[in-house]
Every structure is written in C-alpha cells, then in structure tokens.
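**Q** Numbering (this note's numbering), first residue to last: 6 to 54. Backbone N, C-alpha and C define an ideal beta-carbon position, used for all residues, glycine too.
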C-alpha cells in the first residue's frame with residue numbers, strides 16, 4: 006500500500022520525486038530512519054541483486 010501510494014503521489018504531482026521525499030520526511034522520523042537503512046551501501050542495492 007505504501008509503495009502504491011507513493012507511486013500515485015509521484016504520478017499526480019508536478020514536483021520531482023526528490024522533493025516529494027523531502028516533503029514527507031521528518032528529521033528523526035520513521036521515514037528518515039527507513040531511508041537511511043535503504044540508502045546505505047548494504048541496503049537496497051544488495052536486496053535488488
């Protein structure tokens with residue numbers, strides 16, 4: 006549901022995905038923590054391989 010909602014937001018918005026990410030990420034929040042893990046060298050890249 007989260008991925009589908011994010012995709013719909015990107016499709017419906019005039020802003021680039023990078024700005025949308027900034028808009029929904031609170032410092033120290035859950036989204037920031039998840040992104041820190043996924044963007045780490047051991048995060049999303051190895052999962053996708």
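#1: Counting along the chain, where does the alpha helix (DSSP H) carrying residue 51 start and finish?
#2: Less than 7 Å between the beta carbons of residue 42 and residue 36, yes or no?
#3: State the DSSP-derived secondary structure class of residue 21, mapped to helix, strand or coil.
**A** Answer, in terms of the structure:
#1: 49 to 53
#2: no
#3: coil
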